[in-house]
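Input: a single structure, listed below in structure tokens.
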Amino acid sequence: DAKTTQPTSMDCAEGRAANLPCNHSTISGNEYVYWYRQIHSQGPQYIIHGLKNNETNEMASLIITEDRKSSTLILPHATLRDTAVYYCIVRVAMVQGGKLIFGQGTELSVKP
Amino acid sequence: GAVVSQHPSWVICKSGTSVKIECRSLDFQATTMFWYRQFPKQSLMLMATSNEGSKATYEQGVEKDKFLINHASLTLSTLTVTSAHPEDSSFYICSARQGSEQYFGPGTRLTVT
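Note that the protein sequences, when read in sequence, are chains D and P.
Just so you know, we're using this note's numbering here: the first sequence kicks off at 1 and counts up by one.
Just so you know, we're using this note's numbering here: the second sequence kicks off at 1 and counts up by one.
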């Protein structure tokens with residue numbers, strides 16, 4: 001599975017959009033981009049995933065560049081409860097043996 | 001839907017004893033479950049993949065005789081930490097596969113004294 005690079009930490013003001021970048025320059029054509037987050041002392045929570053098209057759900061939007069070498073997770077209106085470590089992971093489909101291998105993630109602090 | 005539970009949520013045991021952690025998929029059947037370990041201020045580390053009715057597949061460096069995994073049914077996987085030592089103190093998290101997705105349990109905090 002390809003590796004990802006994320007900033008170690010970021011701050012965001014409450015109510016503003018949080019944009020979390022992720023580099024995955026060695027991503028393969030059959031690898032998906034997944035985002036999970038982990039609030040302190042809890043299990044990871046699925047946020048969103050995509051292959052090459054931009055995706056949006058009730059939690060966030062995922063913007064993937066055309067060359068797929070990087071992506072951005074957007075939390076449109078961050079709240080204090082969005083403070084967590086956000087993990088960007090690339091993997092092939094599970095039917096192909098894909099596993100979720102976690103990197104260090106980005107620690108997002110949402111401030112009042 | 002897609003709820004995964006773990007029991008216990010925390011446990012304290014004495015060095016040399018064994019501890020069993022349960023992972024259940026509450027509203028779906030999971031042919032595959034995963035076990036992770038997380039030390040303070042570190043990321044999750046995949047320990048092993050368990051498939052219902054077969055032996056678990058361990059990641060490199062994980063001792064299979066120390067971390068016994070059983071996946072006897074489609075809704076239950078167990079992790080037994082045998083002869084626990086203080087360095088085994090960690091946050092253990094399971095995950096269950098539903099279709100093409102993976103859902104995580106709340107974790108179990110193990111402290112070995």
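The C-beta atom is built at its ideal place from N, Cα and C for all residues, glycine as well.
When secondary structure is reduced to three states using DSSP, P86/P falls in the helix class. DSSP places Q96/D in the helix class (H, G or I) of the three-state scheme. Exclusion of the five residues before and after A13/D leaves K111 as the residues of its chain whose Cβ lies within less than 7 angstroms of its Cβ. For S100/P, the C-beta contacts it makes with chain D under 8 angstroms involve A93, M94, V95, in order along the chain. Between G16/P and M59/D, the alpha-carbon positions lie close to 44 angstroms from each other. Look at the segment 65–112 of chain D and you find these whole runs of beta strand (DSSP E), each 3 residues long or longer: 70–75, 84–92, 106–111. Of all residues in the segment 77–110 of chain P, only F91, I93, C94, S95, R97, G99, S100, E101, Q102, Y103, F104, G105, P106, G107, R109 come within less than 9 angstroms of chain D when Cβ atoms are compared, listed by chain position. V19/P and I74/D have their C-alpha atoms some 41 angstroms from each other. In summary, R97/P is buried, with 16 or more beta-carbon neighbours lying within 10 Å of its beta-carbon over all protein chains present.
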